[in-house]
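Some notes on the structure that comes next.
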Amino acid sequence: FSKDNKINGNDSNFDAVLIHEGVLADKSVSKSLNKVNIIKMLISKPENSSDFTYDEKIDLPISINELNKKVVELNTKKEFSLNSSIKIKNYILDKNEKKLKKDNVSIIVTEKEIQLLELLFSKKKPLKKKYILEQVWKYSSEADTHTVETHIYRLRKKIINKFQDDNFILNNKEGYLI
Numbered sequence: 001f002s003k004d005n006k007i008n009g010n011d012s013n014f015d016a017v018l019i020h021e022g023v024l025a026d027k028s029v030s031k032s033l034n035k036v037n038i039i040k041m042l043i044s045k046p047e048n049s050s051d052f053t054y055d056e057k058i059d060l061p062i063s064i065n066e067l068n069k070k071v072v073e074l075n076t077k078k079e080f081s082l083n084s085s086i087k088i089k090n091y092i093l094d095k096n097e098k099k100l101k102k103d104n105v106s107i108i109v110t111e112k113e114i115q116l117l118e119l120l121f122s123k124k125k126p127l128k129k130k131y132i133l134e135q136v137w138k139y140s141s142e143a144d145t146h147t148v149e150t151h152i153y154r155l156r157k158k159i160i161n162k163f164q165d166d167n168f169i170l171n172n173k174e175g176y177l178i
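Numbering (my numbering), first residue to last: 1 to 178.
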């Protein structure tokens, strides 16, 4: 918190913030806390509750060792969650479930399709077939194969059949892109 009880949403010097329930009476503090993307732990007495959004409620009393253990555990869960899904256009690529989701609809994707989508998404420009072969399949750029075209064709077909979206994976003379 700063001197005026505000938290800086860009401050990456910490992984978690501990909030005592009494602090939440100030609505500006609650609003500031809801905007930051860090672990928020509410410290309160067991019988008290709050409408404030938090990741973990910690009942008092608690030892420092137990508090530290909870912060580490929540941070690990948050990192896992952040690394397990990617927002691509209006879709969520869930790498753990191996699904591409949009609204309440999903398709199952293979590990290679996940790698392909991650690569296309990570580079904000069209990618040549040879580059994709090297990065996803570890093939030599000299290999003569239709692996990329075949995988993209099959993935497009799944996406069109389930989501009716024929503009998800695009290609032009410069290569493939999302």
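We treat Cβ as the ideally placed atom computed from N, Cα and C, and that holds for glycine. Since we're looking at a predicted model, the values are computed, not measured.
Query                                                                                                                                                             : Result
Would you mind sorting residue 113 into buried or exposed? The rule is 16 or more other CB atoms within 10 Å of its CB.                                           : buried
Determine the contact status of residue 77 and residue 54, defining contact as a CB-CB distance below 8 Å.                                                        : no
Report all residues from its chain with a CB closer than 6 Å to the CB of residue 127; omit the five preceding and five following residues, and keep chain order. : 175 and 176
Less than 8 Å separating the beta-carbons of residue 109 and residue 123?                                                                                         : no
Taking the alpha helix (DSSP H) that residue 105 belongs to, which residues open and close that run?                                                              : Run containing residue 105: none in the alpha helix (DSSP H); it sits in the beta strand (DSSP E), 105-108.
In or out: residue 166 buried (at least 16 other Cβ within 10 Å) or exposed?                                                                                      : exposed
Is the segment 147-165 touching the segment 90-107 in the sense that three or more CB pairs, one from each, lie closer than 8 Å?                                  : yes
From residue 96 to residue 88, what distance separates their C-alpha atoms?                                                                                       : 16 Å
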